[in-house]
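Enquirer: In mature numbering (1 follows the signal peptide of the UniProt record, and there is no 0), the protein residues as written are -21 to -1, 1 to 524.
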Amino acid sequence: MKTWKKVTLGTVALGSAALLAACGNSGSSSSSSSKDIQWNLTSPIQTLDSSLATDTYSNIIIGNTNAGLTRVDKDGKAQPELAKSVDVSKDGLTYTFHLRDGLKWSNGDALTAKDFVYSWQRAVDPATASEYGYLLGPVKNANEINGGKADKSTLGVKATDDKTFVVTLAQPTPYFEFLTANSVYYPLNQKVVEKYGKQYGTSSEKMVYSGPYKFEKSKGWNGSNQTFSIVKNDDYWDKSAVKTKEIDFQVVQDPKTSFNLYKQGKIVQASIGDPDLFKANKNNKDVVSLDEATTSYIQYNQSGKNKALANKNIREAFNLATDRQQYVDTVTPASNPATGLTPAGMAKTNTGEDFAKYAAQPYKYDATAAKAAWAKGLSEIGETKLTLTLTTDDTSASKDSATFLKQAWEKQLPGLTLNIKSVPFKQRLNDSTTGNFDMVISLWGGDYAEPSTFLDLFVKDGPNNNGKINNVTYDKAIKAAEVTDALDPEKHYADYKAAEESLYTESNLNPLYFRTTPVLRNPNLKDVRFGSTGLMYDFKTAYLK
């Protein structure tokens, strides 16, 4: 981050040089590759609206067709993107972003600081119902606006001229520059958003683009089609760094089908996370292991809608009856059993220790203790048996997960009948956000390399608190980490550890595994940036030899 802050003119010059080298933005890179990239998405995209997107797959497309103030590089550092530099006040509360000259949208409109003001105000406006609006929480008055207690015009942002965007924070946030690389922070063209209204982002025609690529009408996304393409955007400020003319996407959810497409040379990467595929191909020279900052966990509906899951002992019984090692060995052998909500390898504490290791909780498999907790819980709610439903995606991997859990839990928890509800990805997301579930298998990938990207999820009344967790100890720990102790590293991470401990103590969640995805990748595919947090695949400089 420091390499591009405008501390001195010399620092700016060094930062610019470092960025050019990192992006390969030299004279020799100005020509595009003649080879298109054929890419597989394992789930359909849901929207192109950066204020509304919450899923990995939509954000892959949004992140490659749009741009923010910053962009995370191959080393995981925030680098200048649409902003060429930033001044940060000594108290850490004011960020003044200076935009590049001549920025344009793909329709030729000028891209200005006002586009950021409009976008950020829209994201925190309750009327937008942005599930990611909370990511703007560090900005002054964002939480008050999102909670309906203040007008969006009071958000701590202003455009002092077309190229100067000033942000005032509610409290110092050391990782703020990383946040601005997230899609919910991207600028929006107000004219285009208002032209299409509620239809904005529902298809590629009802959009305008600011990033390395854009859609063309002939190969666009109509809101439901499973094949589409993006092409190089000649209006992008750094177009000389974009080496590929076209990227063709197809949605293939079955891992064996995508494996066969890879063998036929029809796609350049295929997941082999399926246990059979992994065992058969783990020694293939094309294998690449992607350590994702992603945790799979079970959410329990604790709203009171289901009295059983509002009971701590019932939830604890499910947690104790979950053999995470056997689960991983059976369902996702390249991954690792979860020891909490925050995944390994994502963030380090002030001492350099992996945060997941520092904050690990003793989630364990104990069949005897599970039966005891189950019996106690049933007695407390006045029942002798229970029928519950586990919601999951309709992919083969998700179905395998649900089947494993059904067999294990029904065997160990007397009187339990577990029904499995397998639904399309979009419906699972909707069922989760509307509370239409008893238990649901969820996945969350980190948006930036800091524990809050996971531990902010379950504060009371938070937009992602689908199970309606109401854990006072947890809420206090999160507030302490992000307000009282924000600038005291030792206390900051200790608070987050306390938050992890409180989730464990109350059995609010059932963490399953930290995901590692093994893939087969064409060795001729170069310079695709894989991000364990935020944008998963950045194709800006990617090309096929």
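Cβ atoms here follow ideal geometry from the backbone N, Cα and C, with glycine treated the same way.
Starting from the Cα of Thr396, find the closest Cα among Leu384, Val402 and Lys405 and give me that residue.
Expert: Nearest option by C-alpha distance: Leu384.
Enquirer: Could you tell me if the beta carbon of Asn201 falls within a distance shorter than 7 Å of some heavy atom in the ligand FAD?
Expert: As far as ligands go, the structure on display features none, and thus does not contain the ligand FAD.
Enquirer: Mind checking which residues open and close the alpha helix (DSSP H) that includes Phe518?
Expert: First-last for Phe518: undefined, no H or E at that position.
Enquirer: Go ahead and label Glu469 buried or exposed: buried means 16 or more other beta carbons lie within 10 angstroms of its beta carbon, across all protein chains shown.
Expert: Counting Cβ neighbours within 10 Å, Glu469 comes out exposed, since fewer than 16 surround it.
Enquirer: For Glu461, count neighbouring Cβ atoms within 10 angstroms of its own Cβ and tell me buried if that reaches 16, exposed if not.
Expert: Result: buried.
Enquirer: Counting only runs of 4+ residues fully inside the segment 92 to 148, write out the alpha helix (DSSP H) ranges in chain order.
Expert: Listed in chain order, they are 92 to 103 and 121 to 125.
Enquirer: Pick helix, strand or coil for residue 536, following the three-state DSSP scheme.
Expert: Residue numbering for the chain in the displayed model covers -21 to 524; residue 536 lies beyond these limits and cannot be assessed.
Enquirer: Are there 16 or more other CB atoms within 10 angstroms of the CB of Thr371, so buried, or fewer, so exposed?
Expert: Thr371 should be labelled buried.
Enquirer: Going by the DSSP bridge assignment, what does Pro59 pair with across the sheet?
Expert: DSSP, once it has assigned bridges, lists Thr49 as partnering Pro59.
Enquirer: Nearest to Tyr344 by alpha carbon, out of Tyr522, Tyr164 and Asn298?
Expert: Checking every option, the nearest Cα to that of Tyr344 belongs to Asn298.
Enquirer: List the endpoints of the continuous alpha helix (DSSP H) containing Ile40.
Expert: Here the alpha helix (DSSP H) through Ile40 covers Thr35 to Thr44.
Enquirer: Whole angstroms are fine: how far does the CA of Ala62 sit from the CA of Lys93?
Expert: If I take the Cα positions, the gap works out to 13 Å.
Enquirer: How far does the beta strand (DSSP E) with Pro502 in it reach, from first residue to last?
Expert: No beta strand (DSSP E) contains Pro502, which DSSP labels as neither H nor E.
Enquirer: Measuring only between beta-carbons, confirm whether Leu367 sits less than 8 Å from chain C.
Expert: Considering every chain present, this structure includes no chain C. It has just one protein chain.
Enquirer: Please report the residue range of the beta strand (DSSP E) in which Phe437 lies.
Expert: It is not in any beta strand (DSSP E) - Phe437 carries neither H nor E in the DSSP assignment.
Enquirer: Span of the alpha helix (DSSP H) holding residue 576?
Expert: This structure leaves residue 576 out entirely; the chain is present only between -21 and 524.
Enquirer: Can at least three beta-carbon pairs, one atom from the segment 217 to 234 and one from the segment 471 to 482, be found at a separation below 8 Å?
Expert: Counting Cβ pairs under 8 Å, fewer than three are found: no touch.
Enquirer: Which value, in whole angstroms, describes the spacing of the CA atoms of Leu288 and Lys83?
Expert: The straight-line gap from Cα to Cα measures roughly 52 Å.
Enquirer: For a minimum of 4 consecutive residues, which ranges assigned as the alpha helix (DSSP H) are wholly contained in the segment 258 to 310?
Expert: Counting only runs of 4 or more, we get 291 to 299 and 303 to 310.
Enquirer: Quick check on the burial criterion: 16 or more other C-beta atoms within 10 angstroms. Buried or exposed for Ser68?
Expert: So Ser68 ends up on the exposed side.
Enquirer: Excluding sequence positions up to five away, which residues of its chain have a Cβ less than 7 Å from the Cβ of Ile360?
Expert: Taken in chain order, the residues that qualify are Lys286, Ala287 and Asn290.
Enquirer: Pull up the distance between the alpha-carbon of Phe238 and that of Ser380, whole angstroms please.
Expert: Cα-Cα distance, rounded: 20 Å.
Enquirer: Could you tell me whether the Cβ atoms of Leu499 and Asp265 are closer together than 8 Å?
Expert: Cβ distance < 8 Å, so Leu499 and Asp265 count as in contact.
Enquirer: Strictly by DSSP, which residues pair up with Met418?
Expert: Paired residues: Tyr279 and Leu369.
Enquirer: Kindly confirm or deny that the segment 28 to 45 and the segment 207 to 218 touch, where touching means at least three C-beta pairs closer than 8 Å.
Expert: Yes, the segment 28 to 45 touches the segment 207 to 218.
Enquirer: Give me the residue from Tyr175, Thr495 and Asp410 with the minimum Cα distance to residue 540.
Expert: Since the displayed the chain opens at -21 and closes at 524, residue 540 lies outside it and no answer follows.
Enquirer: Where Thr484 and Ala456 are concerned, what is the direct C-alpha to C-alpha distance, given to the nearest angstrom?
Expert: Going from the Cα of Thr484 to the Cα of Ala456 covers about 14 Å.
Enquirer: Looking only at its own chain, which residues have a Cβ that is under 6 Å from the Cβ of residue 550, when we skip the five neighbours before and after it?
Expert: Lying outside -21 to 524, the shown extent of the chain, residue 550 is not represented and no answer is given.
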